[in-house]
Amino acid sequence: MLKAQKELELKELESSQKIIKLNNEKLRNDIASKNRELATSTMSIIKKNEFLSNLKTELLKGKEQNISKVVKIIDKNLNNTDDWKMFQEAFNNADQKFLDKMKERHQNLTPNDLRLCAYLRLNLSSKEIAPLLNISPRSVEVKRYRLRKKMDLDHDINLTNYILDI
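Residue numbers (our numbering): 960 to 1125.
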């Protein structure tokens, strides 16, 4: 009787361990899926902004009067915050609490600083970040430098590594 009860308890324990393993695997798969979704949306935003920037450059070379209207439409699309909101939601799903931790550690960061931190968290280069922010790669470097100063990081600490470790 006692032996049967112990065997039953052992089977229940094994069953619960299997359930936990399955749940953990499902969660890992969900995280991987969210990371892929985030990477895909990020790359699509990069491509869209590069396209619009190139189109704007080409239109500025032309001499027709309607060009200024087209340039205004392109500028409106380049500065669209809906892309950032979509990215932020996907980013928070993939990397929960990162932006909250950043705000907690560095209260003086602006929304644009947090946006840069999110892109650095994805390990994007300055060249990849530039079209996302609609600025030049050199301007991204300046933003990175200013972010380091705001965060009061020592010169020997790599900004991207610091953000990845959070």
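Each residue gets a CB set at the ideal place from its N, CA and C atoms; glycine is no exception.
Closest Cα partner of residue i within the set the options
i	options	result
residue 1071	1081, 1103, 1056	1103
residue 1081	976, 1008, 1124	1124
residue 1002	960, 1111, 1046, 1074	1046
residue 1013	1030, 962, 987	1030
residue 1009	1101, 1088, 993	1088
residue 1084	1120, 1116, 1064, 1021	1120
N- and C-terminal bounds of the alpha helix (DSSP H) containing residue i
i	result
residue 1056	Premise fails: residue 1056 is in no alpha helix (DSSP H) and is neither H nor E.
residue 986	961-1020
residue 1130	Outside the shown range of the chain (960 to 1125) lies residue 1130, about which nothing can therefore be said.
residue 1093	Careful: residue 1093 lies outside any alpha helix (DSSP H) and carries neither H nor E.
residue 1072	1070-1080
Nonlocal neighbours in the same chain, by C-beta distance under 7 Å from residue i, ignoring five residues either side
i	result
residue 1050	997, 1077
Assumed close pair residue i, residue j - CB separation to whole angstroms, cut-off 8 Å
i	j	result
residue 1060	residue 1068	In fact, because the Cβ distance is near 11 Å, the residues do not count as touching under 8 Å.
residue 1096	residue 1086	5 Å
Contacting residues, own chain, Cβ-Cβ under 6 Å from residue i (five flanking each side not counted)
i	result
residue 1122	1076, 1079, 1080
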